[in-house]
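In what follows, a structure is listed as structure tokens, so that the remarks can point back to it.
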């Protein structure tokens, strides 16, 4: 690969970056390298290493823009490391078959950079299409804890009202009991905003100019042909349109 970039530097403390085109093209480059068994590329100099939360998603525009993966992080971490990690994790979203190398030219990558969570007093104290929503609660008849999240785009894309969004989040968190006024009053809720950017594979090729080797073949036991084990990540995630389990999330 020809990169021509330096490692990112730290941005001023306390500021939040906006999503930029370089973030989504870089994620496509990371995914391309990962699928070919190549070392991951350095982070472009123009991407600051802020601490924040992100979501990375992939759509296949040759199949009616079908969602192929969307995973994000629950807690803030340095941005550059997040882009490298979630560019790969989103391609291995357990709800879908893993993205393969031959599918790469049909992909669009989207990166959401999230503002810090703002606690709110009521589960409906947010603006549709502007805020994302995070909620946590404990089941009234047990000590089981639940958590779920929607990005700001979910309400805008689905047209769902606030009441339906909240009920859907409760169900996405895995709770199947009755949704009573008492349960709604007990919810701990946060809202946030996000900036979003997307890039196609063709955009990526405008920035990064290979020549690329053939992808590394792997055997059925996960070993590459030269005997090394291929890189695999376990699930440990929060579900996309909602459901949280561990330190990662899906849209």
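Residue numbers (this note's numbering): 358 to 608. No residue lacks a Cβ here, since even glycine has one placed at the ideal position from N, Cα and C. Keep in mind it's a predicted model, so treat the numbers as computed, not measured.
Looking at C-alpha atoms only, which residue of the options is the closest neighbour of residue i?
i, options, result
"residue 536", "498, 558, 553 and 563", "498"
"residue 546", "506, 449, 457 and 559", "506"
"residue 539", "562, 426, 496 and 516", "496"
"residue 455", "405, 565 and 415", "415"
"residue 468", "412, 504, 392 and 549", "412"
"residue 493", "477, 377 and 484", "477"
"residue 565", "389, 376 and 377", "389"
"residue 473", "527, 430, 460 and 510", "430"
"residue 556", "417, 393, 398 and 391", "417"
"residue 488", "510, 532 and 504", "510"
"residue 407", "398, 440 and 422", "440"
Is residue i buried or exposed, if buried means 16 or more other CB atoms sit within 10 Å of its CB?
i, result
"residue 521", "exposed"
"residue 470", "buried"
"residue 457", "exposed"
"residue 465", "buried"
"residue 425", "buried"
"residue 410", "buried"
"residue 479", "exposed"
"residue 394", "buried"
"residue 501", "exposed"
Any idea which residues DSSP pairs residue i with across the strands?
i, result
"residue 354", "Outside the displayed span of the chain (358 to 608) sits residue 354, for which this structure offers no information."
"residue 554", "468"
Taking the C-alpha atoms as reference points, what is the distance between residue i and residue j?
i, j, result
"residue 560", "residue 382", "7 Å"
"residue 524", "residue 490", "12 Å"
"residue 403", "residue 437", "11 Å"
Can you list, in chain order, the stretches of the alpha helix (DSSP H) that have 4 or more residues and sit fully within the region 414-479? Counting only runs of 4 or more, we get 436-446.
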